[in-house]
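Here the sequence shown is numbered in my numbering, starting from 1 and rising by one per residue. Don't be surprised by glycine CBs; every beta carbon is placed ideally from N, CA and C. Keep in mind it's a predicted model, so treat the numbers as computed, not measured. Report on the following structure.
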Amino acid sequence: MNLRPRRSEPPRVDITPLIDVVFLMLIFFMVSTTFDKQSQLKVDLPEASSSEVSEPNPDKIDITIDAEGHYYVNERELVQHTPEMLHRTLLKIADGRSDLPVVVTGDRKAPLQSMMTVLDVAAQLGLTRLSFVARKTDAVIE
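What follows is the structure in structure tokens.
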């Protein structure tokens with residue numbers, strides 16, 4: 001009969017399941033995080049009750065119109081805020097391509113003339129794929 005006390009091993013904590021759970025949580029948070037388009041220009045978007053989700057296209061022209069009617073093409077302000085300067089800038093960016101999409105982001109307080117100038121210049125250059133950015137509202141018009 002063996003009466004000596006057995007030496008027990010110190011308790012060990014197995015951290016493998018903990019590592020698995022932390023890894024899965026990391027993947028979950030990376031996938032579920034939303035990424036907003038951060039822009040350096042503060043533009044108060046107009047609202048619309050319906051909106052279409054457009055597919056992301058890296059080859060496009062972004063035109064932003066601020067509340068004073070100043071033009072920003074691909075987040076760069078034009079030196080002069082005239083239709084001629086906008087025409088030259090779009091002509092240079094388009095480089096003869098008429099299939100480029102043009103995304104117009106205008107402040108809700110922007111002058112209507114500025115919006116019409118963008119439409120007119122785009123039409124002169126043959127750019128027909130225009131879209132306007134707006135915030136979606138929850139209100140339903142009946």
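Collapsed DSSP secondary structure at residue i in the structure displayed
i	result
Thr64	strand
Ser32	helix
Ser54	Low confidence applies here, because Ser54 scores a pLDDT of 48, under 50, leaving its location unreliable; read the following figure in that light. Residue state, collapsed to three classes: coil.
Beta-carbon proximity of residue i to residue j, cut-off 7 Å
i	j	result
Leu78	Val121	no
Val103	Lys60	yes
Ala94	Leu45	no
Val133	Thr89	no
Gly69	Ala110	yes
Arg129	Pro101	yes
Own chain, CB closer than 6 Å to residue i, minus 5 neighbours either side, in chain order
i	result
Val73	Ile63 and Thr89
Val118	Ile63 and Val104
Val13	none
Chain-order list of residues whose beta-carbon lies under 8 Å from that of residue i (same chain, five-residue window excluded)
i	result
Ser8	none
Asp99	Arg129
Any chain B beta carbon closer than 7 Å to residue i
i	result
Met85	Protein chain content of the structure displayed is limited to a single chain, and chain B is not contained in it.
Cβ-based neighbour list, residue i, same chain, cut-off 7 Å, excluding 5 preceding and 5 following
i	result
Asp107	Val43, Asp44, Ile65, Asp66 and Ala67
Cβ-heavy atom distance, residue i to the ligand HEM, below 6 Å
i	result
Asp20	With respect to the ligand HEM, the structure offers nothing, as it holds no ligand at all.
Original post:
Can at least three beta-carbon pairs, one atom from the stretch 59-68 and one from the stretch 113-122, be found at a separation below 8 Å?
Top reply: yes
**OP:** List in chain order: all unbroken beta strand (DSSP E) runs of 3+ residues lying wholly within the stretch 68-137.
**Re:** 71-73, 102-106 and 130-132
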